[in-house]
Structure formats: structure tokens, C-alpha cells
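Data first, discussion second: the structure below is written as C-alpha cells.
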Amino acid sequence: MTISQKPVVGQPVEAIPETIPNGPGAAAILAAGIGCAAIGILALAGDASKAINGLLNFYKPSGALSGVTTVAIIIWLAAWFILARRWGNKTVAMSRVNIGAFALLLVGVLLTFPPFMDLLQGK
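Just so you know, we're using this note's numbering here: the sequence shown kicks off at 438 and counts up by one.
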């Protein structure tokens, strides 16, 4: 029984199971995966294109990495905010969220692995 359901007359209140929404936690997990994928995608884009590399160069001593991490953090926070607002009072399928977050994490790791980046760029 969820929070919105009413108890049956004569049923003890203690016997009514209460479901706590897991939406905010799921939002944090999926947003972390989105942030990881963003780092990989931005790192690949910055490495593959001189124009994007120039746009991501926020601090010259560190090069495009400064922009990659800054933009990825903004994407992560925006995703977390949007998902938390949408899933705030909902119960979502955590298995699907975890699989999606892990897949996005894998994308982020692969795209920051230099041999894989070179393979994608044809180097």
C-alpha cells in the first residue's frame, strides 16, 4: 500500500505498509551516471576538435580539461536538479536506474581511456 491509499475500515494502522519514495535517491544515482558520461563525451570532443578544445580551455595551464570538468559538473548538477524535481515523490524502478547509471559510467570510463579515444578518432 502506498502513502496515498486509505486504510480499510477495521484494519489496524500498524498493518498498513508504507512505501517511501525512492525518486530522490534514484535521481542522484542516474545524475551521477549522466555526469560521468558527460566527462567522457566532452573529453573526446575536446580532443577531436580544435574548435571545441578552444571553447573548453577555461584556464590555460590545464588546457581543455578545465572546461571539460566544469561543464560536466554543470551537466551533472542540472540533471540531478531536473530528475529530483520530476521524481521527488515517486517510487521508480531502481534496477532500471542502476543499469542506466552503470551504462553511462561505462561510457564515461571508455571515452576517457586514451587507446579507446584514439580508436574512435582513427589515430
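Each residue gets a CB set at the ideal place from its N, CA and C atoms; glycine is no exception.
It should be emphasised that the depicted structure is a prediction, and the values quoted were computed from it without experimental measurement.
Within its chain, find whatever has a CB closer than 6 Å to the CB of residue i; leave out the 5 residues flanking it on each side and keep chain order.
i: alanine 516; result: Ala468 and Ile471
Can you check whether the CB of residue j is closer than 9 Å to the CB of residue i?
i: alanine 475; j: glycine 545; result: yes
i: isoleucine 466; j: asparagine 535; result: yes
With DSSP run on the structure shown, which of helix, strand or coil describes residue i?
i: methionine 438; result: Annotation note: pLDDT 46 at methionine 438 (below 50); position unreliable, no value reported.
i: glycine 500; result: strand
Just to confirm my understanding: we take residue i, look at its own chain, exclude 5 residues before and 5 after, and list those with CB closer than 8 Å. What are they?
i: proline 461; result: Ala521, Trp524 and Gly525
Leaving out five residues before and five after residue i in sequence, what residues of the same chain have Cβ atoms less than 7 Å from its Cβ?
i: isoleucine 478; result: Leu548
Around the Cβ of residue i, are there at least 16 other Cβ atoms within 10 angstroms (buried) or fewer (exposed)?
i: glycine 504; result: buried
i: leucine 557; result: exposed
i: leucine 584; result: Given that the chain is displayed from residue 438 to residue 560, the structure contains no residue 584 and the question cannot be resolved.
i: alanine 530; result: exposed
i: alanine 540; result: exposed
i: lysine 560; result: exposed
**Request:** For the stretch 477-488 and the stretch 499-513, state whether three or more C-beta atom pairs, one from each stretch, are separated by less than 8 Å.
**Result:** yes
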